[in-house]
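Visitor: Below is one structure. I have some questions about it.
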Amino acid sequence: MGAIFVVGTTGTGKTKLAVMLANKSPGSLVISADSRQVYREMDVVTGKDHPKNIDIKGINLVGPNQDFSVSQWYDTVKPLYDKAQDAGRQVIVVGGTGFYVRALTSGIETLVVPINPELRAKLEKLSVGELQEILKQKNISKFNQLNHSDQLNPRRLVRAIEVSSTGLNTTISSVPTVTQPLIGLYYQDLEMQKKVIRERVLARIDSGAIKETENLLSKYGSNIQGISALGYLQIRRYILGEISLGELVELWTLDELRYAKRQLTYFRKQNVIWYDRGRMSIEEIYDHISR
RNA sequence: GCUGGGAUGGUGGAGCGGUCAAACACACGACUCUGUAAAAGUCGCGCCUCACGGCUACGCAAGUUCGAAUCUUGCUCCCAGCA
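For the first sequence, position 81 (counting from the first letter as 1) is numbered 323 according to the numbering used here, and the numbering increases by one without interruption.
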C-alpha cells in the first residue's frame, strides 16, 4: 500500500485532511513532518492543535532547548514507516517541512555522516572565504557541486566540509523511493490566504501564545533553536514592549505569509498534485482523493 | 507671526559639487537546498534593453558652475522652539 503524503502551505488544513484519511483506514499510521512540532512545550505557537483521539508520530521528540535536525526525525520515524508498510497499514505523512518529507520520499544519503562538534566549533569562527578554501582543498568536486548560493552559505559549507572530512564518497545519486505524487494544499487567492492566516494568529494569541512564550523564555532563554519558530520572535518583542499587540498580529501574520511562499517554492519543483483551498473544502478534497 | 530643522526610491534612512540610479535596512519579486530547513543563503528591485548601453529622477521654479541630490534665491508643504 502506498503511503499518502499531504504537504503544502501553512494554514491550509493539512492535518485535518490527514486525520480524515486516517479515520478511513483503521490502523493507519500518521506521521507529522514538521520541524517545529518536534519540540515539546511549543504547542500553541506552532499550532499543535491535533485532535486528542489520534496518535500522531514525529512530534514532541525533544525539549525546546535541544538542538534538532532531520536525521533525528528520520531515525525515529523511518522505522515506524517501514514497519507499518510491511504490515500493510496505511501510512499518512503530513507536514509543511519539505526537507523532512524529502527525507522519506528520496532519502538523504549523507544523513549517515554525524555532526562533528569539534570540527564545527573550529569552523564556525571562519569567514565564508576561508571555509570555501578549506572545502576546495578537501574536496573540490564537492565544492563545485554547490551552486552559487550555497557556495556563499556558511552553514552549507561547514556541513560539506564535515561530510568531506569523513572521506565518504559524497556523490549525490539518490533514487526516489516514493514515486507517487504528493497531495499539496495551498491558496491561490493570496487575500484569502492572508485572512485565514491572520485569523489563525489571532486564535493562537487567544489560546495563550504569549503565556507560552513567556514560559519558554524564562525557562530556557532566547538562545535556543526552537525559538526560531515563527511567532516567538515577534511575541518576544511584544513582551519587551517594542511593538504593540496590533503590530504583533501584523508582523506574525506577515512572517507566516512569507513562510508559505517559501514552502511553495520548495514544493513546486516536486511531484505534487495541487488543491486550491480557496476553491475546495477539505471535505471535497477528501472525497476527491478517496475515489 | 518670528526663529531653527526638514522635504531623496514602496518605506525608513545615507549622501551634502563630479566616481550617484543614489550606502544600509525593511518590504516586495525570483530562487537555492542531501543533518539547524518555520532555518540558512543567493539574485533582482526607476524606465527601456537579452546585453553593451541609453533615458528620466533626489518637493516646485529659477540661478551659479565645465559639472548640482549636493551651492544661491524665491515658492509650496511638514516638524520643533518662541509668540
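A virtual CB, placed ideally from N, CA and C, is assigned to each residue, including glycine.
So F341 packs on V312, CB below 8 Å; how close in whole Å?
Guide: About 6 Å; that satisfies the 8 Å criterion.
Visitor: If you measure between the beta carbons of H292 and T254, is that distance less than 8 Å?
Guide: No.
Visitor: Measuring straight from C-alpha to C-alpha, what distance separates T419 and S486?
Guide: When rounded, the distance between both Cα atoms is 48 Å.
Visitor: Would you decide whether E489 is buried or exposed? Buried here means 16 or more other CB atoms lie within 10 Å of its CB.
Guide: With fewer than 16 Cβ atoms within 10 Å of its Cβ, E489 is classed as exposed.
Visitor: My guess is that K299 and L263 are in contact by the Cβ rule of under 8 Å, so how many angstroms apart are they, rounded?
Guide: About 15 Å separates the two Cβ atoms, so there is no contact after all.
Visitor: So the candidates are Y316, D328, L365 and P356; which of them puts its Cα closest to the Cα of R344?
Guide: With distances taken between Cα atoms, R344 lies closest to Y316.
Visitor: For the stretch 266 to 283 against the stretch 325 to 334, are there 3 or more C-beta pairs whose distance is under 8 Å?
Guide: Short answer: they touch.
Visitor: So, are the CB atoms of R478 and T507 less than 8 Å apart?
Guide: Taking 8 Å as the Cβ cut-off, R478 and T507 do not qualify as a contacting pair.
Visitor: Assign D529 to one of three DSSP states: helix, strand, or coil.
Guide: Reduced to three states, the DSSP call for D529 is helix.
Visitor: Would you kindly report the start and end of the unbroken alpha helix (DSSP H) that includes G371?
Guide: Run containing G371: V370 to K380, per the alpha helix (DSSP H) assignment.
Visitor: Take D297 as the anchor and find which of L496, I515, V336 and T421 has the nearest alpha-carbon.
Guide: It is V336 whose Cα lies nearest to the Cα of D297.
Visitor: If contacts are defined as beta-carbon pairs under 8 Å, then Y429 and G289 qualify, I think. What distance do you get, rounded to the angstrom?
Guide: Incorrect: roughly 16 Å between the Cβ atoms, too far for contact.
Visitor: Do you know whose CA, among V400, V280, I439 and I447, lies nearest V287's CA?
Guide: Measuring from the Cα of V287, the nearest candidate turns out to be I447.
Visitor: Count the C-beta pairs between the stretch 380 to 389 and the stretch 461 to 477 that are closer than 8 Å, then say yes if the count reaches three, no if not.
Guide: No, the stretch 380 to 389 does not touch the stretch 461 to 477.
Visitor: Of the choices V355, E283 and K294, whose alpha-carbon is the least far from that of Q222?
Guide: Because the chain here runs from 243 to 533, residue 222 falls outside it and cannot be looked at.
Visitor: Which of the three DSSP states, helix, strand or coil, is assigned to D297?
Guide: Here D297 sits in coil by DSSP.
Visitor: Between the Cα of F247 and the Cα atoms of F509, E375, E526 and R500, which residue gives the shortest distance?
Guide: Cα-wise, what sits closest to F247 is F509.
Visitor: What residues are listed by DSSP as bridge partners for V420?
Guide: According to DSSP, which records beta bridges pairwise, V420 is partnered with nothing at all.
Visitor: Quick one, which of I403, K461, L259 and S532 has its alpha-carbon nearest Q352's?
Guide: Checking the displayed sequence, the identity of residue 352 turns out to be Thr instead of Gln. Comparing Cα-Cα distances from T352 to each of I403, K461, L259 and S532, the minimum goes to I403.
Visitor: Using the Cβ count rule (16 or more neighbours within 10 Å means buried), how would you classify P359?
Guide: With fewer than 16 Cβ atoms within 10 Å of its Cβ, P359 is classed as exposed.
Visitor: Round the Cβ separation of L373 and L361 to the nearest angstrom and send it over; I've been treating them as touching at under 8 Å.
Guide: With a Cβ gap of about 12 Å, L373 and L361 do not count as contacting.
Visitor: Who are I515's beta bridge partners in DSSP?
Guide: I425, per the DSSP bridge assignment.
Visitor: Ordered along the chain, which non-local residues of its own chain (more than five positions away) have a Cβ less than 8 Å from that of W494?
Guide: Same-chain partners within the cutoff: V443, L472, G473, Q476 and I477.
Visitor: So, helix, strand or coil for V287, using DSSP?
Guide: It is coil, neither helix nor strand.
Visitor: Ends of the beta strand (DSSP E) at V248?
Guide: That run of the beta strand (DSSP E) goes I246 to G250.
Visitor: What span of residues does the alpha helix (DSSP H) with L459 cover, start to end?
Guide: Segment A451 to Y462, the alpha helix (DSSP H) holding L459.
Visitor: Quick one: grab the DSSP three-state call for V355.
Guide: Of the three classes helix, strand and coil, the one that applies to V355 here is coil, per DSSP.
Visitor: Would you report the Cα separation of R504 and F310, rounded to the nearest angstrom?
Guide: C-alpha separation (whole angstroms): 21 Å.
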